[in-house]
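The next block holds one structure in the form of structure tokens; read it before the comments.
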Amino acid sequence: MWRSKFAAVAVAAVLIALYPRAQSRPLVAPIAAPIYQRLLPQIERIKLFDHHAHPAFADDADVDIAPPPPGALPLRLREDNIEPIAAARALFAFPFGDLKGPHAKWLVDKKAALKKQHAGAQYFNDVLDRIGIETSMANRVAMADYLDPARFKWVFFVDTFMFPFNNSALAARNTDEAVYMPLQTKLLQRYAQQLGIAGLPQRFADYLAFVTRVLEDNRRRGGVAVKFEASYFRSLSFDDPPREAAAALYDKYRAGGVPTMTEYTTFQDFIFRYIVTESGRLRLPVHIHSSAGGGDYFYVSGVNVLNLENVLRDPRYLSTTFVLIHGGYPFDREAIFLASMKNVYLDSSAMELVLYPTEFKDMLRRWLETYPEKITFGTDAFPFGEVLGVEEVYWLGVHSTRTALAAALAEMVAAREITEPRAMAFARGYLHDIAAGLYRP
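This is the structure in structure tokens:
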């Protein structure tokens, strides 16, 4: 996720002093404007498959394994943004021009009343219906009983298996890792409890069996994909060490001691590839955070999607489906060419929120002109608080995407690259059909 890795307190301030009629929109070439007006209403009627989101109420601790420390915010996510009030107006008939004090309380009370009126799974089902989302992925530690499994598909985190040893040296590197590492340890313990295991297995073979059993058990519990957030903890450059090297490190550090950075990286490299292999066997697509992220110590060079090329183009993993979450941004131009592999797809989530619609339009157009059958829509919706909830972020992501997509396709039609019927076929694929097809039995 991108936005969920920024400070929740800072992002909640986005809704201060907003004006409802200032929704940003893509600039469309004049020759394409009439085409845009024809395409947009059709695109607005397409039911969506949201390939990446974090649906939850604001007080749900299971929404994310690694909540972010404060970090710098891109312009569109700062407190002086004048857009998000439109979401509250569209979803909840919000009648005010700002969300200060009693106006913010009005919105919180309105949502609370609707939650009581639409108990259980009905509340979020109604939210999806109002926005036009048929199905949403749910990136979460565990699923919540208020999410309808027919509408929300569970994507579970697996980075924790790469960090079974003493993580004190990693946590000491910076304040970001001081937050992330204890939570990775906590999730590993939770998975062990899930299977009734006390502590790490004695033998490395048994540890690998434990990893496999968790994957299998989470699949039985409704999991449809695995998620790596590895770029928050290390580079996406994964070497290919032999099993014997990883086993020796497990034997050395299972019971204690702090691995060197080189040793721990070797172990992580092997476990990453093991999970990729097992996920392919279990038909669980592998989602990888592939864009710049939040916090003050996120290494953008480490998330360059070209670091993954030796994995994505490895013939051993042709049975594994990879989804590059957030489309590799700011290396999105490189990412689309990785999608030439038949088992590699891109997701555009978060970019429709970080980028303004004109820039997002240009990014979508480049993708559509290259491998249109390999790109998928997502929002990265996340509950930043009671005021700026996941509901409003869903709406903003959908609105920005539909308008940017219509503009990109209109310009392609105007340039005589495609016809209007083909433009609509591209729209249906990107917004729904391509992602939905990855999860059919």
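Going by this note's numbering, the residue at position 383 of the sequence shown is 980; the numbering climbs one at a time, nothing skipped.
All C-beta atoms in this analysis are idealised placements derived from N, C-alpha and C, irrespective of residue type, glycine included.
| request: Would you list, in sequence order, the uninterrupted alpha helix (DSSP H) runs of no fewer than 4 residues that lie entirely inside the segment 731 to 798? | output: Listed in chain order, the complete alpha helix (DSSP H) runs (minimum 4 residues) inside the segment 731 to 798 are 765 to 768, 772 to 791.
| said: Threshold first: 3 residues or longer. Then list the beta strand (DSSP E) segments lying entirely within the segment 615 to 659, N to C. | reply: Counting only runs that start and end inside the segment 615 to 659, the beta strand (DSSP E) elements of at least 3 residues fall at 645 to 647.
| request: State buried or exposed for E826, treating a residue as buried only when at least 16 other CB atoms are found within 10 Å of its CB. | output: Along the sequence shown, read from residue 1 onward, the residue named residue 826 stands at position 229. When all chains shown are included, E826 counts as buried.
| Going by C-alpha distance, which of Y1027, Y991, I1031, D742 is nearest A718? | Indexing the sequence shown from 1 puts residue 718 at position 121. Out of Y1027, Y991, I1031, D742, the CA that lies nearest to the CA of A718 is found in D742.
| task | Would you tell me roughly how many angstroms separate the C-alpha atoms of L1006 and I632, rounded to the nearest one? | result | Position 409 of the sequence shown, counted from the first residue, corresponds to residue 1006. Position 35 of the sequence shown, counted from the first residue, corresponds to residue 632. Going from the Cα of L1006 to the Cα of I632 covers about 9 Å.
| Is DSSP giving V855 helix, strand or coil here? | Here residue 855 is taken as the residue at index 258 of the sequence shown, counted from 1. The three-state secondary structure of V855, taken from DSSP, is coil.
| Using DSSP with H/G/I as helix, E/B as strand and the rest coil, what is T917? | As a working mapping, residue 917 is identified with position 320 in the sequence shown. DSSP places T917 in coil when its eight states are reduced to three.
| query | Which two residues bound the contiguous alpha helix (DSSP H) that contains F957? | reply | For the purposes of this step, residue 957 is identified with residue 360 of the sequence shown, where counting begins at 1. Its alpha helix (DSSP H) spans residues 954 to 965.
| What residues in its chain sit with their C-beta under 8 Å from that of Y894, if we drop five residues either side in the sequence? | As a first step, residue 894 is located in the sequence shown; it is residue number 297 there, counting from the start. R770, N771, T772, D773, E774.
| request: Report yes if the CB atom of G1082 is closer than 8 Å to the CB atom of L881, and no otherwise. | output: No information on residue 1082 is available, as it lies outside the stretch 598 to 1038 that the chain covers here.
| With distances taken between CB atoms, is the gap from P761 to L812 smaller than 8 Å? | Sequence index remark: in the sequence shown, residue 761 carries index 164 (1-based). Sequence index remark: in the sequence shown, residue 812 carries index 215 (1-based). Against a cut-off of 8 Å, the Cβ pair of L812 and P761 comes out as no contact.
| task | Report the option in K958, L985, V1010, L921 whose CA atom is closest to the CA atom of K971. | result | Residue numbering aside, residue 971 sits at position 374 when the sequence shown is read from its first letter. Selected option, being the one with the closest Cα: L921.
| Terminal residues of the alpha helix (DSSP H) in which F825 lies | Position 228 of the sequence shown, counted from the start, is the residue given in the question as residue 825. Here F825 belongs to no alpha helix (DSSP H); instead the beta strand (DSSP E) covers 820 to 825.
| request: Find the nearest neighbour of P681 within the set A658, K713, V625, Q620, judged by alpha-carbon distance. | output: Walking along the sequence shown from the start, residue 681 turns up at place 84. Per the Cα distances, Q620.
| task | Report the rounded CA-to-CA distance for T918 versus L985, giving the unit in angstroms. | result | Position 321 of the sequence shown, counted from the start, is the residue given in the question as residue 918. Position 388 of the sequence shown, counted from the start, is the residue given in the question as residue 985. Taking the straight line from one Cα to the other gives about 33 Å.
| Cα separation between L950 and N678? | Residue mapping note: residue 950 aligns to position 353 of the sequence shown, counting from 1. Residue mapping note: residue 678 aligns to position 81 of the sequence shown, counting from 1. Cα-Cα distance, rounded: 11 Å.
| Which residues DSSP lists as bridging L943, in chain order | By 1-based counting over the sequence shown, the position of residue 943 is 346. Beta-bridge pairing links L943 to L921, I972.
| said: Whether or not the segment 934 to 949 and the segment 959 to 967 are in contact is what I'm after, with contact meaning three or more pairs of Cβ atoms, one per stretch, closer than 8 Å; do they touch? | reply: Judged by pairs of C-beta atoms under 8 Å, the segment 959 to 967 touches the segment 934 to 949, as three or more such pairs exist.
| request: Under the assumption that L993 contacts A684 (Cβ atoms under 8 Å), give the Cβ distance between them as a whole number of angstroms. | output: Along the sequence shown, one-based indexing puts residue 993 at 396. Along the sequence shown, one-based indexing puts residue 684 at 87. Contact holds; Cβ gap of about 5 Å.
| By DSSP, does H886 sit in helix, in strand, or in coil? | The count along the sequence shown starts at 1 and reaches residue 886 at position 289. H886: strand per DSSP, three-state reduction.
| message | So, at 8 Å on beta carbons, what are the nonlocal neighbours of A1052 in its own chain, with the 5 sequence-adjacent residues on each side left out? | response | Residue 1052 lies beyond the stretch modelled for the chain, which goes from 598 to 1038, so this question has no answer here.
| said: Looking only at its chain, what residues have a beta carbon closer than 6 Å to the beta carbon of I728, apart from the 5 residues adjacent to it on each side? | reply: In the sequence shown, counting from the first residue as 1, residue 728 sits at position 131. Annotation for I728: Y991, W992, V995 place their beta carbon closer than 6 Å to its own, counting only its chain and skipping 5 residues before and after.
| request: Could I get the ranges of all uninterrupted alpha helix (DSSP H) runs contained in the segment 693 to 728, with 4 residues as the minimum, in chain order? | output: Runs of alpha helix (DSSP H) with 4 or more residues, each lying fully within the segment 693 to 728, are found at 698 to 714, 719 to 728, listed in chain order.
| Distance between S887 and M759 (C-alpha atoms, nearest Å) | To locate residue 759, count along the sequence shown from 1; it is residue 162. To locate residue 887, count along the sequence shown from 1; it is residue 290. So the two alpha carbons sit approximately 18 Å from each other.
| said: Between A1022, G853, R870, D848, which has its C-alpha nearest D836's C-alpha? | reply: Here residue 836 corresponds to residue number 239 of the sequence shown, with the count starting at 1. Per the Cα distances, R870.
| Inter-residue Cα distance where the pair is Y850 and E1008 | Against the sequence shown, residue 850 aligns to sequence position 253. Against the sequence shown, residue 1008 aligns to sequence position 411. Pairing Y850 with E1008, the inter-Cα distance amounts to about 57 Å.
| Does the beta-carbon of A756 have 16 or more other beta-carbons within 10 angstroms, so that it is buried, or is it exposed? | On the sequence shown, position 159 is the one that residue 756 refers to. Residue identity check: residue 756 is Asp in the sequence provided, not Ala. That one is buried.
| request: Identify the continuous alpha helix (DSSP H) that holds A932 and give its terminal residues. | output: Here residue 932 refers to the residue found at position 335 of the sequence shown. Residues 929 to 935.
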